[in-house]
Amino acid sequence: MTEALQSSEEIKSYFLQNQIAFEETLLEEAVTVKDKINEILRIGNINLVTNAHQVVGYIIDGQEEDLKLFAKQEGIAWATHSIDLSFKLEWIQAIRRTLWTFLQQYDQATPNEVAFDFFAMEKDINTRVDTFLNTFFISYSTYKDSLILAHRQLVENLSVPIIPISTSVSILPLIGSVDSFRAEIIEEKVLTEVSVSRIQTLILDLSGIVEMEPEVIHHIMKIIDGSALMGCQSIITGLRAEVVRKMVALGLLFDPKTKTLGTLQQALKEYLIV
1 MTEALQSSEE IKSYFLQNQI AFEETLLEEA VTVKDKINEI LRIGNINLVT
51 NAHQVVGYII DGQEEDLKLF AKQEGIAWAT HSIDLSFKLE WIQAIRRTLW
101 TFLQQYDQAT PNEVAFDFFA MEKDINTRVD TFLNTFFISY STYKDSLILA
151 HRQLVENLSV PIIPISTSVS ILPLIGSVDS FRAEIIEEKV LTEVSVSRIQ
201 TLILDLSGIV EMEPEVIHHI MKIIDGSALM GCQSIITGLR AEVVRKMVAL
251 GLLFDPKTKT LGTLQQALKE YLIV
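With full-length UniProt numbering applied, the sequence shown corresponds to residues 1 to 274, in that order.
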């Protein structure tokens with residue numbers, strides 16, 4: 001049989017002649033996936049049956065590089081559309097079982113004077129199937145991680161909306177919950193933006209924050225101090241009574257040079273006068 005595998009054109013011809021029977025057997029093996037084929041095609045434009053024939057062709061021919069490349073492409077496609085991995089695992093195992101079934105039928109239907117070498121055949125076929133599976137999952141995981149990182153970076157950027165309102169004045173409106181993790185991101189991005197954009201006046205509007213933990217207050221103080229070292233004046237607006245009471249109770253006070261105003265409107269009125 002190993003010599004027969006080396007004659008891949010004969011085997012592929014056999015599979016082509018029995019293509020319909022192969023697909024029927026494959027769908028019988030993939031109990032769960034067969035009901036999801038149209039949905040997967042609609043979601044990700046992934047034709048599982050067509051792709052199965054392509055995978056089988058690469059396995060029979062021993063085209064490992066093409067097999068890996070196709071597995072990588074499949075991994076990216078499944079990760080992009082967040083298709084359930086359990087379907088892919090079941091589908092590939094169904095391909096493996098169906099491939100074995102038809103290789104056995106081919107062996108029985110083909111006159112063969114060479115002794116049947118099951119172990120060599122098992123090594124060839126299963127190694128290639130496993131190569132596809134491993135490459136697919138690595139590709140899926142790598143691309144999924146990159147998507148998560150990109151999404152996280154987008155969220156981080158949106159969480160620090162530094163809005164330029166003139167060539168030298170910018171606003172940083174902080175809204176919602178600010179924990180120590182988000183405060184660190186805010187500190188890093190604000191100081192970077194002050195340096196890059198040469199901001200001279202930064203208005204930090206805190207009216208959207210009801211409560212701040214002490215470490216968050218410390219981060220805001222570091223933003224003010226760091227910005228001052230780069231020649232940027234910080235203006236605090238919208239401090240709520242709850243936040244002020246906590247700061248006083250903890251003995252935390254902004255630098256005396258830091259100007260505070262009751263509302264953002266007051267700051268805009270004062271710092272947008274040309």
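Glycine included, C-beta positions come from ideal geometry on N, C-alpha and C.
Small disclaimer: the values here were computed from a predicted structure and weren't measured.
Around the beta carbon of F132, 16 or more other beta carbons sit within 10 angstroms, so the residue counts as buried. According to the DSSP assignment, Q233 belongs to the beta strand (DSSP E) that extends over Q233 to T237. A Cβ-Cβ separation of about 18 angstroms leaves T32 out of contact with E74 under the 8 angstroms criterion.
Excluding sequence positions up to five before and after F22, its CB lies within less than 7 angstroms of the CB of F15, T98 and F102, all in the same chain and listed in chain order. Out of L206, M230 and I125, the CA that lies nearest to the CA of A267 is found in L206. For the pair I125 and G57, the Cα-to-Cα distance works out to about 12 angstroms.
Under the 10 Å beta carbon count, E270 is surrounded by fewer than 16 other beta carbons and is classified as exposed. In terms of Cα proximity to E187, the closest of E215, D130, E211 and N18 is E215. The continuous alpha helix (DSSP H) containing K88 extends over residues L85 to A109. Taking all protein chains in view, the Cβ of E193 is crowded by 16 or more other Cβ atoms within 10 Å, so the residue is classified as buried. In this chain, the alpha helix (DSSP H) harbouring P214 covers P214 to L229.
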